[in-house]
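Structure first, then comments.
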Amino acid sequence: MAPSEVRIYEVGPRDGLQAESTGVETDDKLRFIQLLSNAGLREIETTSFVSPTAIPQLADADEVMRRLERRVGVRYPVLVPNQRGMERALAAGADAVCVFTAATESYARHNINMSIGESIEAFRPVVAEARQRGFWARAYVSAAFGCPYEGEVPERAVVDVSHALMELGVDELAISDTLGVAGPSDVRRVLGAVGEAGIAADAIGLHFHDTRGTALVNVVTAMSLGYRSFDASTGGTGGSPFAPGSAGNLATEDLVYLLDREGVRHGVDLDAVLAAASFMADRLGRPLQSRLGRAGGWPGSVP
Ligand code: COA
Ligand code: ZN
Numbered sequence: 505m506a507p508s509e510v511r512i513y514e515v516g517p518r519d520g521l522q523a524e525s526t527g528v529e530t531d532d533k534l535r536f537i538q539l540l541s542n543a544g545l546r547e548i549e550t551t552s553f554v555s556p557t558a559i560p561q562l563a564d565a566d567e568v569m570r571r572l573e574r575r576v577g578v579r580y581p582v583l584v585p586n587q588r589g590m591e592r593a594l595a596a597g598a599d600a601v602c603v604f605t606a607a608t609e610s611y612a613r614h615n616i617n618m619s620i621g622e623s624i625e626a627f628r629p630v631v632a633e634a635r636q637r638g639f640w641a642r643a644y645v646s647a648a649f650g651c652p653y654e655g656e657v658p659e660r661a662v663v664d665v666s667h668a669l670m671e672l673g674v675d676e677l678a679i680s681d682t683l684g685v686a687g688p689s690d691v692r693r694v695l696g697a698v699g700e701a702g703i704a705a706d707a708i709g710l711h712f713h714d715t716r717g718t719a720l721v722n723v724v725t726a727m728s729l730g731y732r733s734f735d736a737s738t739g740g741t742g743g744s745p746f747a748p749g750s751a752g753n754l755a756t757e758d759l760v761y762l763l764d765r766e767g768v769r770h771g772v773d774l775d776a777v778l779a780a781a782s783f784m785a786d787r788l789g790r791p792l793q794s795r796l797g798r799a800g801g802w803p804g805s806v807p
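Take 505 as the starting number for the sequence shown in our numbering and just add one per residue.
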């Protein structure tokens with residue numbers, strides 16, 4: 505039974521921009537974030553306090569966070585891979601953090617240069633500090649539906665890492681199809697296993713990439729199972745430099761359109777999302793990648 509209301513967790517400024525070859529000015533990132541909050545988005549993943557060598561696109565994380573004009577009622581989570589990242593995030597005024605590991609050893613190694621076990625140990629003090637300060641904390645399980653190095657991922661692997669992350673005390677897990685390979689049966693299989701393992705649907709956000717055009721049907725499938733939190737990136741930007749061939753996240757505007765047609769409430773304005781998407785497409789110097797960006801809404805709104 506589909507929910508009447510869902511939560512849209514915007515990842516455009518972080519996942520969206522981290523693999524773009526065109527550099528985006530700090531001022532433009534800040535403007536983009538403002539446009540996203542104008543559109544009604546209440547959770548906007550803002551940047552990453554990772555190694556600037558690993559992700560040069562987000563090397564201005566400290567400045568972005570310090571200069572951020574916060575809107576009341578909006579959460580601005582940031583990625584933190586280790587204690588060094590946590591120190592930077594704290595100094596810049598962050599109050600919501602995301603740690604990230606993977607369902608496979610090879611993906612964790614390529615992305616964060618740690619084994620899964622090492623990553624859990626690296627996150628333990630980070631999450632403990634976040635909790636002690638009353639911060640909101642999320643943990644990503646990357647490559648949960650397929651790994652560029654190991655291929656198919658057994659659901660047991662997702663369950664094991666999910667348990668370990670929940671035990672650290674995070675508020676939420678982001679079960680991620682980093683490669684964009686999952687179909688509805690995979691969603692049922694993985695979420696079925698996670699649910700049977702006792703992790704509540706309300707503690708899970710779903711992070712789908714639209715690399716192969718399956719993101720929306722995966723959202724619909726997850727909604728039918730009672731899941732209510734979905735990640736999306738305005739403009740359909742996104743991908744990981746560590747996931748070869750990965751393409752954009754599910755575009756926020758494509759998700760909003762679907763939810764509007766289905767009568768599912770979410771609090772986000774389609775035209776305002778399209779305006780933010782156009783702004784970023786201009787900065788990146790290329791046309792919008794999303795379906796809605798090309799076709800416009802219906803009725804009304806043509807970008
Ligand atoms: N912020 C800034 N610099 C950092 C850092 C952080 N959070 N953590 C480590 N560094 C620096 C170190 O100071 C060191 O710098 P130096 O070479 O100038 O001495 C260098 O990075 C290497 O540090 P080390 O601890 O050996 O890390 P590593 O090379 O094993 O890399 C990560 C580990 C996690 C820091 C790195 O892999 C990373 O940032 N990955 C993020 C990838 C990502 O964001 N992927 C997309 C999101 S899903
Ligand atoms: Zn992603």
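Just so you know, even glycine gets a beta-carbon here, dropped at the ideal spot from N, CA and C.
Would you kindly report the start and end of the unbroken beta strand (DSSP E) that includes E514?
Run containing E514: R511 to E514, per the beta strand (DSSP E) assignment.
Is R769 helix, strand or coil by DSSP?
Looking at R769 - three-state DSSP - the assignment turns out to be strand.
Can you list, in chain order, the residues of its chain whose CB lies under 7 Å from that of T725, leaving out five sequence neighbours each side?
Excluding positions up to five away in sequence, the list reads P688, V691 and R692.
For the beta strand (DSSP E) that Y555 lies in, which residues bound it at each end?
Looking at the sequence itself, residue 555 is Ser, so the reference to Tyr does not match. Note, S555: premise wrong, no beta strand (DSSP E); not H, not E.
Check I703 in the structure and name its three-state DSSP category.
In this structure, I703 counts as coil in the three-state DSSP scheme.
Leaving aside the five residues before and after R787 along the sequence, list all residues of the same chain whose C-beta is less than 7 Å from its C-beta, in chain order.
Same-chain partners within the cutoff: V528 and D532.
Which term fits P803, buried or exposed, when burial requires 16 or more other beta carbons within 10 angstroms of its beta carbon?
Counting of Cβ neighbours within 10 angstroms places P803 among the exposed residues, the total staying below 16.
Return yes when the Cβ of V603 is within less than 8 Å of the Cβ of V584, no when it is not.
Contact: yes.
Of the residues V663, L720 and G709, which one's Cα is nearest the Cα of E700?
Nearest of V663, L720 and G709 to E700, Cα basis: V663.
Residue interval of the beta strand (DSSP E) (run including I679):
For I679, the enclosing beta strand (DSSP E) begins and ends at E676 to D681.
Pairing CB atoms from the segment 586-603 with CB atoms from the segment 635-648, are three or more of them under 8 Å?
The segment 586-603 makes contact with the segment 635-648; the number of CB pairs closer than 8 Å reaches 3 or more.
Taking only the alpha-carbon atoms, compute the straight-line gap between G739 and M569 and give it to the nearest angstrom.
In a straight line, the C-alpha of G739 is about 22 Å away from that of M569.
Could you check the C-alpha separation between A648 and V694 for me, to the nearest Å?
Distance between the alpha carbons of A648 and V694 is about 8 Å.
Is G742 near ligand 2, with its Cβ less than 7 Å from a heavy atom?
Relative to ligand 2, G742 has its C-beta within less than 7 Å of a heavy atom.
Using a Cβ-Cβ cutoff of less than 7 Å, which residues in the same chain neighbour Q538 once the five nearest sequence positions on both sides are dropped?
A distance below 7 Å between beta-carbons, with the five flanking residues on each side excluded, links Q538 to the following residues of its chain, in chain order: E573.
For a test of the three-state rule: what should DSSP assign to R575, helix, strand or coil?
Looking at R575 - three-state DSSP - the assignment turns out to be coil, as it is neither helix nor strand.
State buried or exposed for Q636, treating a residue as buried only when at least 16 other CB atoms are found within 10 Å of its CB.
With a threshold of 16 other beta carbon atoms within 10 Å, Q636 falls short and is exposed.
Measuring alpha carbon to alpha carbon, tell me which of G767, G742 and L594 ends up nearest M727.
Checking every option, the nearest Cα to that of M727 belongs to G767.
Given a cut-off of 8 Å, decide if A523 and A607 are closer than it, judged by their beta-carbon atoms.
8 Å or more divides the Cβ of A607 from the Cβ of A523.
Residue burial classification, E656 (beta-carbon count within 10 angstroms, cutoff 16)
The residue is exposed, with fewer than 16 neighbouring Cβ atoms inside 10 Å.
Considering L720, what are the terminal residues of the alpha helix (DSSP H) in which it resides?
L720 -> alpha helix (DSSP H) spans A719 to S728.
Tell me which residues share the same chain as H770 and place their Cβ nearer than 6 Å to its Cβ, disregarding the 5 neighbours each side in the sequence.
Counting only Cβ-Cβ distances below 6 Å, and skipping sequence neighbours, we find V510, I512 and L763.
Any heavy atom of ligand 1 closer than 7 Å to the CB of F604?
Flag set: Cβ of F604 near ligand 1.
Measure the C-alpha to C-alpha separation of I624 and C651 and round it to an integer number of angstroms.
If I take the Cα positions, the gap works out to 19 Å.
Excluding the 5 residues flanking P745 on each side, which residues of the same chain have their C-beta closer than 6 Å to its C-beta?
Closer than 6 Å at the Cβ level, and outside the excluded window around P745, lie A523.
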